[in-house]
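**Student:** Residues 6 to 224 in our numbering are what the sequence shown lists, from first letter to last. Okay, here's the structure, questions in a sec.
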Amino acid sequence: MEVDVLVIGGGSTGSSVAYHLCSEGAGKVMLVERSNIAWGQTGRSTAVVRLHYSTPEVAKMALESWRFLKDMEPRLGKPSGFRAVGFIILAGENELEGLRRNVEMQRSIGINTKLLEPEEVKQLIPQMNVDDLAGAAYEPESGYADPVTTAQSLAEAAKELGCVVKTNTEVRGFEVRDGRIELVKTTAGDFKVNQVVNATGVWTNVINGMLGIDLPVEV
Ligand SMILES: Cc1cc2nc3c(=O)[nH]c(=O)nc-3n(C[C@H](O)[C@H](O)[C@H](O)COP(=O)(O)OP(=O)(O)OC[C@H]3O[C@@H](n4cnc5c(N)ncnc54)[C@H](O)[C@@H]3O)c2cc1C
Numbered sequence: 006m007e008v009d010v011l012v013i014g015g016g017s018t019g020s021s022v023a024y025h026l027c028s029e030g031a032g033k034v035m036l037v038e039r040s041n042i043a044w045g046q047t048g049r050s051t052a053v054v055r056l057h058y059s060t061p062e063v064a065k066m067a068l069e070s071w072r073f074l075k076d077m078e079p080r081l082g083k084p085s086g087f088r089a090v091g092f093i094i095l096a097g098e099n100e101l102e103g104l105r106r107n108v109e110m111q112r113s114i115g116i117n118t119k120l121l122e123p124e125e126v127k128q129l130i131p132q133m134n135v136d137d138l139a140g141a142a143y144e145p146e147s148g149y150a151d152p153v154t155t156a157q158s159l160a161e162a163a164k165e166l167g168c169v170v171k172t173n174t175e176v177r178g179f180e181v182r183d184g185r186i187e188l189v190k191t192t193a194g195d196f197k198v199n200q201v202v203n204a205t206g207v208w209t210n211v212i213n214g215m216l217g218i219d220l221p222v223e224v
């Protein structure tokens, strides 16, 4: 079989990439997962969906992901696993200035977050002892996800859009010509490809190693 884009790894990243490629009309897309969807980090994740990050680049990516998750059910017709129960991050005296800076930056890019005084935290969570608390940041629309549901829904939605989803299929190697991957070798056969997305998370360098690529990334 010949595919336009072969995505390696059926975690939240690969499933999302496969879905978005299909919905953008990227041609014949294949998602290859060596175990089951969400078997890797995704299925073991606490999956807190928060927007509290300290750099605008990461905060913007988190905001885009949150927007997608929030609207995923009506858009895909499948459960997102996301529950907006709110998210709070606490700060002692030493952390308060950093927290304030983060919240200011996050608000400037459109994130719904605000600083709370200890008394406001007490109102929100009466059981909490706020004696040592200097402040907190509160995101009323953040929460957590069931990451297995999220990834499975994305993979199923991709499939409905024509994606070939191959689970229990491991990528074992590649054939490269003139610096381009021509063939992906898997335990379910070889596939001619135009492009490959490596979405294997902590196994990224194993795949890179098959291609002789040495990225200075360590886990
Ligand atoms: C304990 C824990 C708590 C976490 N808590 C949070 C949190 O609260 N909030 C948050 O945002 N993030 C959290 N994370 C991080 C988050 O879970 C990961 O960033 C995310 O799940 C990564 O998804 P992924 O798709 O990139 O990787 P993975 O889910 O690991 O997917 C990679 C997939 O690639 C497959 N694969 C590998 N090699 C091959 C091969 N050769 N052929 C075919 N398939 C292959 C694997 O089987 C795997 O399924 C947490 C992670 C852990 C472990």
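In this text, a Cβ means the ideal position worked out from N, Cα and C, and glycines have one as well.
What is the rounded straight-line gap between the Cα of residue 111 and the Cα of residue 197?
**Tutor:** Sequence index remark: in the sequence shown, residue 111 carries index 106 (1-based). Sequence index remark: in the sequence shown, residue 197 carries index 192 (1-based). Each residue's Cα considered, the two are about 44 Å apart.
**Student:** Would you mind working out which of 39, 12 and 113 sits nearest residue 57, comparing C-alpha positions?
**Tutor:** Within the sequence shown, residue 57 is the residue found at index 52, counting from 1. For residue 57, the nearest C-alpha among the options comes from 113.
**Student:** Tell me whether residue 212 sits in a helix, a strand or coil according to DSSP, three-state version.
**Tutor:** What you label residue 212 is simply residue 207 of the sequence shown in a count that begins at 1. Three-state DSSP puts residue 212 in a helix.
**Student:** Using 8 Å as the threshold, is the stretch 22-37 in touch with the stretch 191-208, meaning 3 or more CB pairs across them?
**Tutor:** Yes, they touch.
**Student:** Please tell me whether, using a cut-off of 7 Å, the distance from the CB of residue 16 to the nearest non-hydrogen atom of ligand 1 is below it.
**Tutor:** Taking the first residue of the sequence shown as position 1, residue 16 is located at position 11. Because some heavy atom of ligand 1 lies under 7 Å away, the Cβ of residue 16 counts as near it: yes.
**Student:** Give me, in chain order, the residues of the same chain whose beta-carbon lies closer than 7 Å to that of residue 210; leave out the 5 immediate sequence neighbours on both sides.
**Tutor:** For this step, residue 210 is matched to residue 205 along the sequence shown. Excluding residues within five positions, the ones whose Cβ falls inside 7 Å are 220 and 222.
**Student:** Indicate whether the contact test is met: 3 or more Cβ pairs, each with one atom in the stretch 92-110 and one in the stretch 164-174, closer than 8 Å.
**Tutor:** Output reads no: the stretch 164-174 does not touch the stretch 92-110.
**Student:** Are the Cβ atoms of residue 42 and residue 156 separated by less than 8 Å?
**Tutor:** One-based indexing of the sequence shown puts residue 42 at position 37. One-based indexing of the sequence shown puts residue 156 at position 151. Closer than 8 Å, so yes.
**Student:** Any contact of the stretch 89-98 with the stretch 58-70, i.e. 3+ C-beta pairs under 8 Å?
**Tutor:** In short, these stretches do not touch, since the Cβ pair count stays below three.
**Student:** Name the DSSP beta bridge partners of residue 141, please?
**Tutor:** Walking along the sequence shown from the start, residue 141 turns up at place 136. Its beta-bridge partners are 95 and 121.
**Student:** Using the DSSP secondary-structure output, state which residues sit across from residue 197 in a beta bridge.
**Tutor:** Here the question's residue 197 lines up with position 192 in the sequence shown. Residue 197 pairs with 7 and 188.
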